[in-house]
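Protein chains in written order, with my numbering: chain A, 1 to 341; chain B, 1001 to 1341. All residues carry an ideal CB built from backbone N, CA and C; glycine is no exception. For clarity, every value in this text was computed on a predicted model and none was experimentally measured. As C-alpha cells, the structure follows; a few thoughts come after it.
Protein chains: 2
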Amino acid sequence: MTRPPTLRDVADSAGVHPATASRALNPETRRLVNTETAERVIRAAAALGYRPNPIARSLKTSRSTSVGLVIPDLTNPLFPPIVRGIEDVLGPAGYNAWIVNTDNDPDREQAQIESLRFRQVEGLIVATARLEHPFLDGLAAAGLPLVLVNRRMSRGDIPSVTADDAAGVALAMAHLVELGHRRIAHLAGPQHTSTGRTRANAFRQALADHGLPDEPALRVECASWTELAGAAGLRELLDAGVDCTAILAGNDLIALGCYDALADRGARCPDDISIVGFNDMPYADKLNPPLTTVRIPHYAIGAEGAQLLLDRLRDPLRHTRSVVLPLTLVVRGSTAPARRG
Amino acid sequence: MTRPPTLRDVADSAGVHPATASRALNPETRRLVNTETAERVIRAAAALGYRPNPIARSLKTSRSTSVGLVIPDLTNPLFPPIVRGIEDVLGPAGYNAWIVNTDNDPDREQAQIESLRFRQVEGLIVATARLEHPFLDGLAAAGLPLVLVNRRMSRGDIPSVTADDAAGVALAMAHLVELGHRRIAHLAGPQHTSTGRTRANAFRQALADHGLPDEPALRVECASWTELAGAAGLRELLDAGVDCTAILAGNDLIALGCYDALADRGARCPDDISIVGFNDMPYADKLNPPLTTVRIPHYAIGAEGAQLLLDRLRDPLRHTRSVVLPLTLVVRGSTAPARRG
DNA sequence: ATGAAAGCGCTAACAA
DNA sequence: TTGTTAGCGCTTTCAT
Chain A
1 MTRPPTLRDV ADSAGVHPAT ASRALNPETR RLVNTETAER VIRAAAALGY RPNPIARSLK
61 TSRSTSVGLV IPDLTNPLFP PIVRGIEDVL GPAGYNAWIV NTDNDPDREQ AQIESLRFRQ
121 VEGLIVATAR LEHPFLDGLA AAGLPLVLVN RRMSRGDIPS VTADDAAGVA LAMAHLVELG
181 HRRIAHLAGP QHTSTGRTRA NAFRQALADH GLPDEPALRV ECASWTELAG AAGLRELLDA
241 GVDCTAILAG NDLIALGCYD ALADRGARCP DDISIVGFND MPYADKLNPP LTTVRIPHYA
301 IGAEGAQLLL DRLRDPLRHT RSVVLPLTLV VRGSTAPARR G
Chain B
1001 MTRPPTLRDV ADSAGVHPAT ASRALNPETR RLVNTETAER VIRAAAALGY RPNPIARSLK
1061 TSRSTSVGLV IPDLTNPLFP PIVRGIEDVL GPAGYNAWIV NTDNDPDREQ AQIESLRFRQ
1121 VEGLIVATAR LEHPFLDGLA AAGLPLVLVN RRMSRGDIPS VTADDAAGVA LAMAHLVELG
1181 HRRIAHLAGP QHTSTGRTRA NAFRQALADH GLPDEPALRV ECASWTELAG AAGLRELLDA
1241 GVDCTAILAG NDLIALGCYD ALADRGARCP DDISIVGFND MPYADKLNPP LTTVRIPHYA
1301 IGAEGAQLLL DRLRDPLRHT RSVVLPLTLV VRGSTAPARR G
C-alpha cells in the first residue's frame, strides 16, 4: 500500500508548479491556465489516480463541504425519506451530511449540535425545531446557516420547509364530515411544535367551517408523537365519557396508539370510531384496518430543505425564503360512515 | 462574529508555546507537561471557548476520526436501528459515520464508497455485502479496515456481525411443524447474499430434521428482499399449482408481499396459509394479520459492528473475529394450525 | 500564463 | 519540562 499521490506528485509528473496544477484541476480556476498545460496536468492526475485531499483543502479554504442534519430519531419512519431527499441534493453539490439523533432531549440536542460545529459543518438542517427554541435562536444569531424541515419556529425569519398542515387537516375534516361524522375529536401532538399547533388550530377552524361546535372536551394534547402517548390520549378521552364517532390523530403513531386503546376497550375501528392519521408512514396501508391518513411529501421536504441550505451557503446574502409543500388525503379502511344515532 | 480561537490564542493567553498548549490539551500527552502549566492552559482554553480544529488535526495526523457506513437504503426499516447502534458506539469514541445508500446498485455502491474514501474515512462498515464481492475484496486487499454487518461474504476473513439465521429458521420451522404443518414452502431471498443462502440452506436442513420431503417445487428464490418480489414469488408458486399450508418468507417484506398475493387470490392468512417472516420490522405486530417473525437484534448488530471496527482501528494487528448474535421467534396471528386435509 | 512564497491550525521530532 | 522547527496538502495572493 503506497502513499496516495498528492498534488505535488501530479505537478512533478506534468512538469509544472503545484500552484499551476491546482489551478488546472479546479474547474473554477481552470480558465487561468493554458489549455494545453491544463490537459497535461489533468492527464497526469488521471494517470496517477490523483484525488485531492479534502481535508487539506478544507484547512486552507475553511470550507468543510459538510453540513449537519439534526433529527429526533432515525428509527421513526418519518425521517429516513427526509434524509434521502437531503442527501440526494447535497451529494451532487459535493456536500455530505453528518446525521445526529436528539431523541427529543434538549440536552442531547445541544451536545450533538456542538459536536457538529466541532466537525466544522457549514450549516445545519434541523428537524427538531420547537416553536420557542432559544438554542437555535442563538445559532442563528451567531450566523450559522440554518434551515428547518418538517417543523418551523415562531420567529418566521429562519428558512423552513414544511407541509401545508392546515390544508391537510381541512382535507381530513371534510372527508369525515362528508362521511356523516359530527362529533370529531382531535388527539393533538405536542403544542410546542409547529406541526402540533398548526394542526390543532386548523382542527378548530374546520369545526367552525363546517358549523360544528368546538367543545374543549373533544381536544386532547398528547405528550409526544408516539403510539404510547396516543393510546394514553384516547384512554383519557374515553375515560372522560366523551362521545365521538371519529378521531383526527396528530400523526400516524398517535393513530396507532388509538388502535391499541380501542382494542383494549373492545371497540372497533372503523365500526365504532373512525380514525385519520397524518404522515402516511410506510405500511400504513397494511395496518389493521388500513389507515386513512394525510400523505406528506417527506422526500421532497428533505430535498427542498437541502436546496435552501445550498442556496444560502453559495450566497449568504441572498434573501431567505420558506417553502410550503402541498399534501393529499389517502382514504383507506380506518374511516367509514358514522353510526346514525 | 469574531474568529474562533486557535491553539495559538490559547498558548499566548497562557503564556506558553503552542506545542506546550497542544500537549496540555491532549489527554494522551498531558503527562508530558507540568501539572500547573497544564492547568493554566486548560483554564485559558476554557476561558476562550477554544475548540480544537479537527480538520487541522486530521491533516497533521492523517486520521479523520470518521468512518463510512454503506447500506442499501435507509428507508428500509431494517437499517435505522443498525445505524443507531453504530452511532451510539462510535460517538463516545470520538468517531462519526458518513452514511451512504447504494440502492443495491453495484455501480452506485462503488461510486459512493469512492466518495467515502475521498472523505478520508478510516474504515468502512458495510451492510451490502454479497457472497462474492470483488470490489470489497479489493478494498480489503488494499488494507482498508472493513467490517460487515447483517450479511457476510464467502471468504471468512473479513470480520462480520450477523444474526444466527440458521437457528432462526430452525425456530420458525419447529413452530410450523408443531402447529401441524407438513407442506411448507420457502420464499427465499436473493441467493447471492449470505442471509438468503443461509436461510435457504437451513430451511432444507429443517425439512430433513423433521423428516419432511425436500421438494424443489416448494422453494422459490425472490429477486430482491422486497414486497414486490415476495408477491411475485408467491404468485409463481400458486400458479404452479403447488400445494402448501405454510410459507417461510425470506424476510418480513417478502412476507408482506405474500399478504398481497394472497389477497389477490382471495385466500386468507392464516386460515388458508400461515406465514412466518424474518426481522420483526417495526409495526409487524400491527399488520393484518400480525406477523409471526424471527426477531433480529438490529441495534446490537450495529453496536457490535462498530466495536469491531474501533478495535481494528486502535490495533490494526489485532486478530479479526466475527460475531454471531442469537435471535428469537415472535409468534403472532399469521401462523395457525394447518388445515387437516 | 506560470512560479514563488506564505499559511490554514495543528502535532511530532528534535533540541535545549 | 518546554521551546524550536518543520510540515501535513492544499490554495491564493503576489510577482514575474
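Using a Cβ-Cβ cut-off of 8 Å, TYR1050/B does not count as an interface residue toward chain A, since no Cβ of chain A sits closer than that to its own.
If only complete runs of 4 or more residues are kept, the stretch 183-263 of chain A shows the alpha helix (DSSP H) at 194-209, 227-239, in order along the chain. ARG1204/B has its alpha-carbon roughly 13 Å from the corresponding atom of GLY1168/B.
Think of a sphere of 9 Å around the beta carbon of SER1064/B: the chain A residues whose beta carbon falls inside it are ILE55, in chain order. Taking 7 Å as the cut-off between beta carbons, the residues of the stretch 1071-1082 of chain B near chain A are LEU1074, THR1075, PRO1077, PRO1080, PRO1081, in sequence order.
LEU32/A has its alpha-carbon roughly 15 Å from the corresponding atom of ARG40/A.
Note that the stretch 206-223 of chain A does not touch the stretch 1009-1026 of chain B; fewer than 3 beta-carbon pairs, one per stretch, sit closer than 8 Å.
Between LEU1176/B and SER1334/B, the C-beta spacing is not below 8 Å. In this structure, GLY257/A lies near LEU228/A, with their beta-carbon atoms less than 8 Å apart.
Counting along the chain, the unbroken beta strand (DSSP E) around ILE99/A starts and ends at 96-101. PRO289/A sits away from LEU325/A, with the two beta carbons spaced by 8 Å or more. Rounded to whole angstroms, the gap between the alpha carbons of LEU1078/B and LEU1171/B is 20 Å. With distances taken between CA atoms, ASP1088/B lies nearest to ALA1306/B out of LEU1329/B, VAL1330/B, ALA1306/B. Taking a Cβ-Cβ cut-off of 8 Å, the neighbours of TYR1259/B in chain A comprise LYS286, given in sequence order. Contact between the stretch 1145-1158 of chain B and the stretch 1277-1289 of chain B is absent: fewer than 3 CB-CB pairs across the two stretches fall below 8 Å. Burial is judged here by how many other beta carbons sit within 10 angstroms of a residue's own beta carbon; SER1058/B has at least 16 and is buried. Of the residues assessed, ALA1263/B falls on the exposed side of the cut-off, its CB having fewer than 16 other CB atoms within 10 angstroms. In this structure, ALA1097/B keeps its C-beta atom at 8 Å or more from the C-beta atom of VAL1070/B. For a Cβ distance threshold of 7 Å, residue set ILE1055, ALA1056, LEU1059 of chain B lies close to LEU59/A, ordered along the chain.
In this structure, LEU308/A is the residue among LEU317/A, LEU308/A, PRO337/A, LEU329/A with its C-alpha nearest to the C-alpha of ALA93/A. At a cut-off of 8 Å between C-beta atoms, TYR1283/B counts as an interface residue with respect to chain A.
In the DSSP assignment, SER58/A falls outside any beta strand (DSSP E) and lies within the alpha helix (DSSP H) extending over 54-61.
Annotation for GLU221/A: ALA188, GLN191 place their beta carbon closer than 6 Å to its own, counting only its chain and skipping 5 residues before and after.
Between ARG235/A and chain B, the shortest Cβ-Cβ separation is not below 8 Å. Contact between the stretch 45-61 of chain A and the stretch 98-112 of chain A is absent: fewer than three C-beta pairs spanning the two stretches fall below 8 Å.
At least one CB atom of chain B sits nearer than 8 Å to the CB of LEU256/A.
By the rule that beta-carbons nearer than 8 Å mark a contact, PHE118/A touches chain B. Between GLY1277/B and ALA1255/B, the beta carbon gap of about 4 Å places them in contact (Cβ cut-off 8 Å). GLU1114/B and LEU1139/B have their C-alpha atoms spaced approximately 10 Å apart.
One thing to note: SER1194/B has its Cβ no nearer than 8 Å to the Cβ of ARG1155/B. Following the DSSP letters along the chain, one finds SER1115/B inside the alpha helix (DSSP H) bounded by residues 1106-1118. Secondary structure of ALA24/A (DSSP, three-state): helix. Taking ARG1043/B as the centre and dropping the five residues before and after it, the same chain places the C-beta of ALA1014 closer than 8 Å to its C-beta, in chain order. The distance from the Cβ of CYS1244/B to that of ARG1183/B is about 4 Å, consistent with a contact at the 8 Å cut-off. In the three-state reduction of the DSSP assignment, LEU1176/B falls in the helix class.
About 5 Å separates the Cβ atoms of VAL161/A and VAL323/A, confirming a contact at the 8 Å cut-off.
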